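Q: All residue numbers for the sequence shown refer to our numbering, where the first residue is 13 and numbers rise by one.
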Amino acid sequence: MKKIALVTGAGRGIGKEIAKKLQEDGYFVIANSKNTVIENTETQMGYLADVSNSSEVSKMIEDIIKKHGKIDVLVNNAGIAQQKLFTDISEADWDTMMDTNLKSMFLVTKAVLPHMIHEKCGAILNISSIWGMVGASCEVHYSAAKAGVIGFTKALAKEVALSNIRVNCVAPGIIKTDMLNDFTEDDLTNLAEETPLGILGTPRDIAEAVSFLVSDKAKFITGQVLSSNGGFVI
Ligand code: NAP
13 MKKIALVTGA
23 GRGIGKEIAK
33 KLQEDGYFVI
43 ANSKNTVIEN
53 TETQMGYLAD
63 VSNSSEVSKM
73 IEDIIKKHGK
83 IDVLVNNAGI
93 AQQKLFTDIS
103 EADWDTMMDT
113 NLKSMFLVTK
123 AVLPHMIHEK
133 CGAILNISSI
143 WGMVGASCEV
153 HYSAAKAGVI
163 GFTKALAKEV
173 ALSNIRVNCV
183 APGIIKTDML
193 NDFTEDDLTN
203 LAEETPLGIL
213 GTPRDIAEAV
223 SFLVSDKAKF
233 ITGQVLSSNG
243 GFVI
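This is the structure:
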């Protein structure tokens, strides 16, 4: 029987590549997105749900368990970004940022964890950002949410380790996806030049790190943050 992985925010960008890589690794993947319709194949099922909405999350996990009986790997990847001066961030901006990037992780993990505890086995991988490690100007709400992801990862790792469940985090550097659509070509060239390896990352770079951390090769690794960032943050 194939192992089952749930990847949130898998409609585009990093999540889509993580879903692809996990299928290559032999998983059956439930690829969640909010609006992007993801096709069903022999190794993948698309599932539309807003992961910041508790009833949509409960229904998604119930449906997956009904159909597949278990979830071996959870990748909490769904997220949004926004560039604004701190003084321009509205309460609604703050709430949307926290709900999408952090509360979603609470909701999905809370719904999945009892099933992993029942199996006494599981791997959870949370996507943070280098900005959650070092902070980004004009992205205070994003940086705060992504720093929260790191705290969430470390605390949960301690709590569930005895149930044989590992919880780790990947904190990407600058990765070329739709999330960078507001950046000009000049901005992107400058960011690549500021990166010691001289290039921007690709979704594949992140998918490889995720694939490793959820695999048995990383069976002694929990509560850690792996920052795949080309040397941008050392
Ligand atoms: P992206 O290309 O904008 O894709 C984001 C994905 O998240 C989309 O598939 C989107 O669904 C989904 N999503 C957003 N809100 C959702 C919700 N409420 N419920 C379900 N799905 C939702 O972004 P990305 O660059 O791949 O980013 C993926 C993750 O990596 C995010 O957590 C991001 O913060 C993190 N990250 C990215 C970078 C970077 O440079 N790109 C750097 C560090 C960290 P739809 O397709 O339906 O819209």
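Quick reminder that beta carbons are idealized off the backbone N, C-alpha and C, glycines included.
Keep in mind it's a predicted model, so treat the numbers as computed, not measured.
Tell me, to the nearest whole angstrom, how far the beta carbon of D105 is from that of K96; I am working on the premise that it is less than 8 Å.
A: Within the sequence shown, numbered from 1, the residue matching residue 105 stands at position 93. Within the sequence shown, numbered from 1, the residue matching residue 96 stands at position 84. Between K96 and D105 the Cβ distance is about 7 Å, and since that is below 8 Å, they are a contact.
Q: Is N44 near the ligand NAP, going by C-beta to nearest heavy atom under 7 Å?
A: As a position in the sequence shown, residue 44 is number 32, starting the count at 1. Yes, Cβ of N44 sits closer than 7 Å to a heavy atom of the ligand NAP.
Q: Take S240 and list the residues in its own chain whose beta-carbon comes closer than 7 Å to its own, dropping the five residues that flank it on each side.
A: Reading the sequence shown from its first residue, position 228 is the one you call residue 240. Answer for S240: V182, P184, G185, G213, D217, I218 and A221, listed in chain order.
Q: Within the continuous beta strand (DSSP E) that includes A221, where are the two ends?
A: Your numbering for residue 221 matches position 209 in the sequence shown. Run containing A221: none in the beta strand (DSSP E); it sits in the alpha helix (DSSP H), P215 to V226.
Q: Going straight from the alpha carbon of E74 to that of F195, what length do you get?
A: Residue 74 sits at position 62 when you count from the first residue of the sequence shown. Residue 195 sits at position 183 when you count from the first residue of the sequence shown. E74 and F195: Cα-Cα distance of roughly 39 Å.
Q: Where do the ends of the beta strand (DSSP E) carrying S45 lie?
A: By one-based count along the sequence shown, residue 45 stands at place 33. Start and end: F40 to S45.
Q: Hey, is N52 close to the ligand NAP, as in C-beta under 7 Å from one of its heavy atoms?
A: Numbered from its first residue, the sequence shown carries residue 52 at position 40. No, since every heavy atom of the ligand NAP falls outside the 7 Å radius drawn around the Cβ of N52.
Q: Cβ of G23 versus every heavy atom of the ligand NAP: is any distance shorter than 7 Å?
A: Mapped onto the sequence shown, residue 23 falls at position 11. It does: the Cβ of G23 is within 7 Å (strictly closer) of some heavy atom of the ligand NAP.
Q: Candidates L60, G21 and V161: which alpha carbon is nearest L238's?
A: Counting from one through the sequence shown, the residue named residue 238 turns up at place 226. The option with the nearest alpha carbon to L238 is V161.
Q: Using only the alpha-carbon positions, how far apart do V152 and C133 sit?
A: In the sequence shown, the residue the question calls residue 152 occupies position 140. In the sequence shown, the residue the question calls residue 133 occupies position 121. Using only the alpha carbons, I get a separation of about 36 Å.
Q: On the criterion of 16 or more Cβ atoms from any shown chain inside 10 Å, does F244 qualify as buried, or is it exposed?
A: As a first step, residue 244 is located in the sequence shown; it is residue number 232 there, counting from the start. Result: buried.
Q: Compute the Euclidean distance between the alpha carbons of E197 and G91, then round it to the nearest angstrom.
A: For the purposes of this step, residue 197 is taken as the residue at position 185 of the sequence shown. For the purposes of this step, residue 91 is taken as the residue at position 79 of the sequence shown. Computed Cα separation, rounded: 23 Å.
Q: Tell me which residues share the same chain as I77 and place their Cβ nearer than 8 Å to its Cβ, disregarding the 5 neighbours each side in the sequence.
A: Counted from its first residue, the sequence shown places residue 77 at position 65. The residues are I83 and H127.
Q: Suppose you measure from the CA of K71 to the CA of G21; what does that come to, to the nearest Å?
A: Counted from its first residue, the sequence shown places residue 71 at position 59. Counted from its first residue, the sequence shown places residue 21 at position 9. The alpha-carbon atoms of K71 and G21 are separated by roughly 16 Å.
Q: Please report the distance separating the alpha-carbon of G144 from that of A93.
A: Along the sequence shown, one-based indexing puts residue 144 at 132. Along the sequence shown, one-based indexing puts residue 93 at 81. Distance between the alpha carbons of G144 and A93: 12 Å.
Q: Candidates V69, M117, V41 and I233: which alpha carbon is nearest G58's?
A: Within the sequence shown, the letter at position 46 stands for residue 58. The option with the nearest alpha carbon to G58 is V41.
Q: Report the residue from V19, T99 and E29 whose alpha carbon sits nearest the alpha carbon of V63.
A: Here the question's residue 63 lines up with position 51 in the sequence shown. That would be V19, whose Cα lies nearest to the Cα of V63.
Q: Smallest Cα separation from G27: which of A123, K46 and S102?
A: Position 15 of the sequence shown, counted from the first residue, corresponds to residue 27. For the residues A123, K46 and S102, the minimum Cα distance to G27 belongs to K46.
Q: Keeping to the same chain, check which residues put their C-beta closer than 6 Å to that of L200; ignore five residues upstream and five downstream.
A: If you number the sequence shown from 1, residue 200 lands on position 188. Hits under 6 Å: none found.
Q: Quick one: is the Cβ of N113 within less than 7 Å of any heavy atom of the ligand NAP?
A: Locating residue 113 in the sequence shown gives position 101, counting from the first residue. It does: the Cβ of N113 is within 7 Å (strictly closer) of some heavy atom of the ligand NAP.
Q: Looking at S240 and the ligand NAP, is the gap between the Cβ and the nearest heavy atom below 7 Å?
A: On the sequence shown, position 228 is the one that residue 240 refers to. Result no, Cβ not under 7 Å from the ligand NAP.
Q: The ligand NAP heavy atoms versus the CB of N202: any closer than 7 Å?
A: As a working note, residue 202 is residue 190 in the sequence shown. Incorrect: N202 has no Cβ contact closer than 7 Å to the ligand NAP.
Q: Which term fits I16, buried or exposed, when burial requires 16 or more other beta carbons within 10 angstroms of its beta carbon?
A: In the sequence shown, counting from the first residue as 1, residue 16 sits at position 4. Buried, by the Cβ-count rule.
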